[in-house]
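Working notes for the structure below.
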Amino acid sequence: MLARAAAVEFLRAARHAIAATGRFTVALSGGSTPKAVFTLLAQDHVTGANSLRWDKVQIFFGDERHVPPDHADSNYRMANESLLSKVPIPVENIHRIEGELNAADAAARYEARLRSVFGISARAVPRFDLVMLGMGPDGHTASLFPGSSALAEKNALVCAAWAEKFQAHRITLTFPAINAAAEVLFIAGGADKTTMLRNILHGDPSGQTYPAQTVHPANGRLTWLVDEAAAGLL
Ligand code: 6PG
297 MLARAAAVEF LRAARHAIAA TGRFTVALSG GSTPKAVFTL LAQDHVTGAN SLRWDKVQIF
357 FGDERHVPPD HADSNYRMAN ESLLSKVPIP VENIHRIEGE LNAADAAARY EARLRSVFGI
417 SARAVPRFDL VMLGMGPDGH TASLFPGSSA LAEKNALVCA AWAEKFQAHR ITLTFPAINA
477 AAEVLFIAGG ADKTTMLRNI LHGDPSGQTY PAQTVHPANG RLTWLVDEAA AGLL
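Terminal number for the sequence shown in this note's numbering: 530, no gaps in between.
Next comes the structure, spelled out in structure tokens:
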């Protein structure tokens with residue numbers, strides 16, 4: 297089960313980071329796939345099976361839709377309902393992207409929050425212990441969509457970009473922020489990902505490239521967790 301494997305990886309990374317540094321900094325992915333992972337993590341806490349020192353976890357988000365936190369499309373709302381409201385994590389450890397604001401303002405405030413929590417200067421890049429990512433059938437990841445202006449961002453950690461396919465802004469971590477991570481964990485399942493997963497991992501026969509292929513932690517571990525359906529062409 298894809299969700300269980302992802303929950304095990306999350307707990308492994310968390311325990312390793314907490315043992316090594318006293319905290320675990322993680323950027324959660326959005327969309328629908330992570331919900332089952334978060335639900336299992338919440339259940340583990342209740343059963344005590346794999347309980348974690350949630351007070352030592354710092355929660356960030358890989359991206360957010362340009363909506364308020366109570367909106368049905370909010371990645372924060374999904375994570376809060378399936379996990380964050382069910383574990384004893386201090387509210388000050390949850391660093392939400394304020395999707396209710398002007399998108400550029402939300403990006404700037406989130407970047408400032410990142411720098412503050414990581415204790416880094418204006419030019420340094422934070423090193424997340426774990427960045428969780430999903431992949432869309434079009435090869436996007438986080439809110440880094442094909443053709444997006446965000447793909448070219450080399451300095452900012454966070455940016456707001458227009459997502460043509462949704463006719464809306466999105467706020468997203470940039471490749472510099474993602475590729476500085478100690479670990480990146482892609483979770484992709486379902487037959488709608490089969491062709492794109494082949495393209496991402498083995499190359500598109502037409503030679504086209506996709507945003508998810510630009511995720512290469514410079515000094516970190518990259519793991520893909522996929523189910524049989526998504527792996528059908530590998
Ligand atoms: C989002 C995510 C996005 C997601 C992929 C896969 O905000 O939607 O950040 O990158 O991970 O689109 O989504 P599913 O898990 O719903 O297939």
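Note that CB positions come from ideal geometry on N, CA and C, so glycine has one too.
### Query
In terms of alpha-carbon separation, which member of A508, F482, F424 and W520 lies closest to A476?
The count along the sequence shown starts at 1 and reaches residue 476 at position 180. Among A508, F482, F424 and W520, the Cα nearest to that of A476 belongs to F424.
### Message
My output table needs one value for A302: the three-state DSSP class, helix, strand or coil.
### Response
Taking the sequence shown and counting its residues from 1, one reaches residue 302 at position 6. A302: helix per DSSP, three-state reduction.
### Query
Three or more C-beta pairs closer than 8 Å, one from the region 389 to 406 and one from the region 458 to 474: is that the case here?
yes
### Task
Within 10 angstroms of the Cβ of K461, are there 16 or more other Cβ atoms? Answer buried if so, exposed if not.
Counted from its first residue, the sequence shown places residue 461 at position 165. That one is exposed.
#### Entry: Cβ separation of V427 and A323, assumed to be a contact under 8 Å, to the nearest whole Å
Position 131 of the sequence shown, counted from the first residue, corresponds to residue 427. Position 27 of the sequence shown, counted from the first residue, corresponds to residue 323. Sure, about 5 Å apart at Cβ, within 8 Å.
### Query
Name the DSSP beta bridge partners of H465, please?
Reading the sequence shown from its first residue, position 169 is the one you call residue 465. W458.
### Query
Looking at N371 and the ligand 6PG, is the gap between the Cβ and the nearest heavy atom below 7 Å?
Taking the first residue of the sequence shown as position 1, residue 371 is located at position 75. Checking the Cβ of N371 against the ligand 6PG gives yes.
### Query
So is the beta-carbon of H465 under 7 Å away from any non-hydrogen atom of the ligand 6PG?
Working through the sequence shown from its first residue, we reach residue 465 at position 169. Not so, every heavy atom of the ligand 6PG lies at least 7 Å from the Cβ.
### Query
Enumerated in chain order, which unbroken segments of the alpha helix (DSSP H) with a length of 4 residues or greater are wholly contained in the region 315 to 403?
329 to 343 and 371 to 378
### Query
What is the DSSP secondary structure of E479, reduced to helix, strand or coil?
Position 183 of the sequence shown holds residue 479. Correct three-state label for E479: strand.
### Message
According to DSSP, simplified to helix, strand and coil, what is R409?
### Response
Within the sequence shown, residue 409 is the residue found at index 113, counting from 1. Reduced to three states, the DSSP call for R409 is helix.
### Task
Check T491 in the structure and name its three-state DSSP category.
In the sequence shown, the residue the question calls residue 491 occupies position 195. T491: helix per DSSP, three-state reduction.
### Query
For E388, does the count of other Cβ atoms within 10 angstroms reach 16, so buried, or fall short, so exposed?
Along the sequence shown, read from residue 1 onward, the residue named residue 388 stands at position 92. Classification of E388: exposed, given that the 10 Å Cβ count is below 16.
### Task
List the residues that DSSP assigns as beta-bridge partners of A484.
The residue labelled residue 484 in the question sits at position 188 within the sequence shown. BP columns for A484 point to V522.
### Task
Could you spell out where the alpha helix (DSSP H) holding F424 opens and where it closes?
Counting from one through the sequence shown, the residue named residue 424 turns up at place 128. Taken as a continuous stretch (DSSP letters only), F424 belongs to no alpha helix (DSSP H), as it is neither H nor E.
### Query
For E524, which of Q509, L518 and T490 has the nearest alpha-carbon?
Counting from 1 along the sequence shown, the entry for residue 524 is found at position 228. Nearest option by C-alpha distance: T490.
### Start and end residues, alpha helix (DSSP H) containing A473
The sequence position of residue 473 within the sequence shown is 177, counting from 1. Its alpha helix (DSSP H) spans residues F471 to I474.
### Message
For A436 and S370, what's the separation of their Cα atoms in angstroms?
### Response
Numbered from 1 along the sequence shown, position 140 holds the residue referred to as residue 436. Numbered from 1 along the sequence shown, position 74 holds the residue referred to as residue 370. Residue identity check: residue 436 is His in the sequence provided, not Ala. Each residue's Cα considered, the two are about 18 Å apart.
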